[in-house]
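Residue numbers 1328 to 1657, in this note's numbering, belong to the letters of the sequence shown in order.
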Amino acid sequence: MAYDVYAVGNALVDLEFQVTDGELQALGIEKARMTLIDADQRLDLLHRMGDHQPRRTGGGSAGNTVVALQQLGGEAYFSCRVADDGFGRFYADDLHAHGVHSNVHTARHQGHTGTCLVMITPDAERTMSTHLGVSAELSSHELEPTAIEASRTYYMEGYLAASPTGLDAALKGRTVAQRVGAQLALTLSDVSMINFCRAGLAAMLGDGVEVLFANEDEIKAWFNTDDLGVALAAAPALAQTVCVTVGAKGCVVLDKGLRIDVAAPVVKAVDTNGAGDMFAGAFLYARSRGADPKRAAELATRAASAVVAQPGNRLPTDTLLALREAWQLA
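Spelled out as structure tokens, the structure:
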């Protein structure tokens, strides 16, 4: 079987809570960032959330991306690690329901499946507290080399830079992909990864990738500047195509140094969780179907704007297919 994208990343079940800024401050969590927490911290946070009822969905950055690509009509394989528990079965069933091929359909482990407690404030910003569970032990054993060899694009989730075995898996898969000439793609994932795990991200980048995804804060952090213009001027050294999302303004694509600006549709932001993942999934889908970077960014920006305008990190398949049809006709 041939795949448009083979991805490796953390398998996480999202538990999404609506909170006020005051509640977030009382929890002592840095807003708009991803923080890794241990099992005891996870239990404490759940206890302190009291009567808040969370929305439960399949998550994980690369997981969201491959689900979006599959919903749009692509073919994806996802290597990850889940436990043989309720969350693990939920996650595997969710991937299967969306048609994503994965090692978790047959291999699960002792322990606890990773979860991400996502706090959504009234300004639609998402703040994440992540307990990796068995995903912290993701390793090269979860890779499927024959699937990598059959893939057009090998996609690495930057969050893996926080795990020595996860980083090793990403790099070993990268080697396989390079050997067969697959396109390399990477997301920087979060400012916290750049601040604390930069060496791992640099290893994933290597001597450059074909496609790099980042948001405005991440690309500025990578180049240690508060000036987006300075960061954009330096970014082409990292990848042939660099996609930088700039919130409600849309995105900037740098393709072989040529700058392309794509405006986002005007929407009322409800929940920014999953927006960057959706952008990457739609962009990679469009490119796999022959779209140039500008056209791919147009679909990606529409899809990301749609996910921001509703609760949750993913879109219904019918919504994505309607976006795809409107984009094809535009």
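Ideal Cβ positions, reconstructed from N, Cα and C, are used throughout, including at glycine.
These figures come from a predicted structure and were not determined experimentally.
- P1620 counts as buried, since at least 16 other C-beta atoms from the protein chains shown sit within 10 angstroms of its C-beta.
- Shortest Cα-Cα distance from V1635 to any of Y1612, F1606, R1622, R1616 involves F1606.
- Looking at the DSSP output, D1588 bridges to V1579.
- Taking the C-beta atoms as reference points, R1622 is found nearer than 8 Å to A1613.
- Unbroken beta strand (DSSP E) runs of no fewer than 3 residues, entirely contained in the segment 1512 to 1579, are found at 1536 to 1542, 1566 to 1572, following chain order.
- For A1403, there is no enclosing alpha helix (DSSP H); the residue is part of the beta strand (DSSP E) that begins and ends at 1403 to 1406.
- Taking the C-beta atoms as reference points, A1451 is found nearer than 8 Å to D1598.
- Beta-bridge partners assigned by DSSP to Y1482: A1334, A1512.
- Take the alpha-carbon of V1346 and the one of P1381: they are about 11 Å apart.
- For T1457, DSSP records a beta bridge to L1363, C1443.
- Annotation: I1356 to T1454 spans about 8 Å, alpha carbon to alpha carbon.
- Excluding sequence positions up to five before and after R1501, its CB lies within less than 8 Å of the CB of Y1481, M1483, L1511, M1531, G1533, all in the same chain and listed in chain order.
- Rounded to the nearest whole angstrom, the C-alpha separation of L1539 and A1353 is 36 Å.
- For the 8 Å CB-CB criterion, M1361 and D1604 do not form a contact.
- Cβ-Cβ distances below 6 Å link H1436 to A1410, V1461 in the same chain, with the five nearest sequence neighbours on each side left out; the list follows chain order.
- Pairwise C-beta distances place the segment 1641 to 1653 in contact with the segment 1382 to 1402, as three or more of them are shorter than 8 Å.
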